[in-house]
Amino acid sequence: EQIEKGGFDHFMLKEIYEQPSAILDTFRGRMLPNEGIIKMSGIEDNMKTFLNANRIIVVACGTSWHAGLVSEYIFENLARIPVEVEYASEFRYRNPVITDKDVVIAISQSGETADTLAAIKLAKSRGAFVFGVCNVVGSSIARETDAGAYTHAGPEIGVASTKAFTTQITVLTLIALRLARAKGTISSSEFRHHMIELELIPEKVKKALESDAYVKTIADIYKNSNNFLYLGRGYNFPVALEGALKLKEISYIHAEGYPAAEMKHGPIALIDENMPIVVIATKKGHYEKVVSNIQEIKSRKGKIIGIVTEGDEQVKALADHVIEVPETIESLTPLLTTIPLQLLSYHIALMLDKNVDQPRNLAKAVTVE
Ligand code: G6P
């Protein structure tokens, strides 16, 4: 096992650090920025179905559901296709309205999650085309779907999902870009620009990982907190949910993720000097609005941990701590902002002496209901 961990203390940490190469493996061979090409056989072979779809319904559970939520922003913004993101467990029992004009995208790291599998079977029985985004080759979901794309993240052992999440977002971005180009909802120069930016992401993830030692010092300050709040907007709202989930899963600290603007409808009541609040406040995307949320938190004495774009001054002046990530285009920020949140949960769990790789009560794949 020590050998499998490749010199890291835990699988989770190894998998966090594998993300630059995992993301590269996910787009390698599928994206050729210089030639202006994205090619994925599962999409090319079914292009008509995708282009004729009235909407995309994403079904998933857990972290994969969060990747699905990020994809809602990506698909709608780039490809102008309406997207609904569903918890597979709710979808399967709701008697949902599905037609043969719907494309269902099922996202699953393991490809074995019982609820997701059942949701796929239901969608197929109603005539929908089902596309799988899985990590495990030959898994039940990969076999059950009409077509699909693998994430190529390599085996993920830590129960708390990390590289599966970022590679799922990568695959979903490639799909959205390919469809956007086919539909003509983005120009060829925008298309190329997105590809060039995506190609730079592995190096930028490496850079984001350099915050590790600093994140550890923040973990030490807040490790005994009973609650955490995570806030983000737009593409980074799902990242806030994912950051909170990571903390809950392995440190057993109660954490809530919220859209930053919804703070005033509830969570703001929780804020006092004992409440650490992680705010994703990268430069692109509603930055000024998030800054005013930060001001509201500060006036209530909440402790602010800002996830900011390199060189940020405004949030730095307000927050108790800021963790910098490299700059990128807005749609790709989740691939960077999620990195310090993974590290924060890892370090807190470790400091609290929890079983990082195998947290209590959780399973890597939930194959029963
Ligand atoms: C379990 C795991 C999570 C995972 C979820 C969905 O709860 O502990 O890490 O996100 O299942 O799993 P899947 O394999 O379908 O992505």
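All you need for UniProt numbering is the position in the sequence shown, starting with 1, plus 246. Think of the CB as a built atom: it goes at the ideal place given N, C-alpha and C, for glycine as much as any other residue.
Checking the sheet assignment: what are the DSSP bridge partners for residue i?
{"i": "Tyr339", "result": "Per DSSP, none; premise fails for Tyr339."}
{"i": "His500", "result": "Asn473"}
{"i": "Asp348", "result": "Arg301"}
{"i": "His567", "result": "Ile551"}
{"i": "Glu332", "result": "Val305"}
{"i": "Pro505", "result": "Gly478"}
{"i": "Leu278", "result": "Ile283"}
{"i": "Gly378", "result": "Ala352 and Gly394"}
{"i": "Ala527", "result": "Val554"}
{"i": "Pro522", "result": "Lys549"}
For ligand 1, any of its heavy atoms closer than 8 Å to the Cβ of residue i?
{"i": "Thr416", "result": "no"}
{"i": "Thr309", "result": "yes"}
{"i": "Ile351", "result": "no"}
{"i": "Ser354", "result": "yes"}
{"i": "Val304", "result": "no"}
{"i": "Glu495", "result": "yes"}
{"i": "Thr383", "result": "Here residue 383 turns out to be Val, not Thr, going by the sequence shown. Val383: no, Cβ never under 8 Å from ligand 1."}
{"i": "Leu315", "result": "no"}
{"i": "Thr412", "result": "no"}
{"i": "Glu358", "result": "yes"}
{"i": "Ser371", "result": "no"}
{"i": "Val405", "result": "yes"}
{"i": "Val376", "result": "no"}
{"i": "Val602", "result": "no"}
{"i": "Ala611", "result": "yes"}
{"i": "Thr272", "result": "no"}
{"i": "Thr345", "result": "no"}
{"i": "Thr584", "result": "no"}
{"i": "Thr579", "result": "no"}
{"i": "Thr295", "result": "no"}
{"i": "Thr362", "result": "yes"}
Rounded to whole angstroms, what's the CA-CA distance from residue i to residue j? Just pull it up for me.
{"i": "residue 669", "j": "Ala388", "result": "No information on residue 669 is available, as it lies outside the stretch 247 to 615 that the chain covers here."}
{"i": "Ser310", "j": "Tyr498", "result": "20 Å"}
{"i": "Met258", "j": "Pro580", "result": "19 Å"}
{"i": "Ile289", "j": "Thr419", "result": "13 Å"}
{"i": "Val304", "j": "Glu456", "result": "33 Å"}
{"i": "Leu582", "j": "Ala299", "result": "31 Å"}
{"i": "Val485", "j": "Val316", "result": "8 Å"}
{"i": "Tyr460", "j": "Asn292", "result": "46 Å"}
{"i": "Arg338", "j": "Phe375", "result": "16 Å"}
{"i": "Gly548", "j": "Asn520", "result": "7 Å"}
{"i": "Lys285", "j": "Gly552", "result": "37 Å"}
{"i": "Thr345", "j": "Ser591", "result": "41 Å"}
{"i": "Ile540", "j": "Arg424", "result": "37 Å"}
{"i": "Tyr468", "j": "Pro522", "result": "7 Å"}
{"i": "Glu542", "j": "Tyr396", "result": "43 Å"}
{"i": "Gly357", "j": "Ile415", "result": "16 Å"}
{"i": "Ser354", "j": "Gly512", "result": "32 Å"}
{"i": "Ile351", "j": "His532", "result": "28 Å"}
{"i": "Gln560", "j": "Val537", "result": "8 Å"}
{"i": "Lys409", "j": "Gln265", "result": "5 Å"}
{"i": "Ser577", "j": "Tyr481", "result": "6 Å"}
{"i": "Gly373", "j": "Thr431", "result": "27 Å"}
{"i": "Thr362", "j": "Lys610", "result": "14 Å"}
Excluding the 5 residues preceding and the 5 following residue i in the sequence, name in chain order all residues of the same chain whose CB lies nearer than 6 Å to its CB.
{"i": "Glu318", "result": "Val329 and Val331"}
{"i": "Ala422", "result": "Ile320, Phe321, Leu324 and Ala325"}
{"i": "Phe437", "result": "Arg427"}
{"i": "His256", "result": "Val602 and Asp603"}
{"i": "Ile403", "result": "Phe257"}
{"i": "Leu564", "result": "Ile540 and Lys544"}
{"i": "Ala406", "result": "Met258, Lys492, Glu495 and Ile496"}
{"i": "Phe411", "result": "Thr309 and Ala313"}
Ordered along the chain, which non-local residues of its own chain (more than five positions away) have a Cβ less than 8 Å from that of residue i?
{"i": "Ile575", "result": "His439, His440, Glu443 and Lys530"}
{"i": "Lys462", "result": "Leu589 and His593"}
{"i": "Phe254", "result": "Lys260 and Tyr263"}
Give me, in chain order, the residues of the same chain whose beta-carbon lies closer than 7 Å to that of residue i; leave out the 5 immediate sequence neighbours on both sides.
{"i": "Asp466", "result": "Met597"}
Could you tell me if the beta carbon of residue i falls within a distance shorter than 8 Å of some heavy atom in ligand 3?
{"i": "Leu608", "result": "As far as ligands go, the structure on display features ligand 1 and does not contain ligand 3."}
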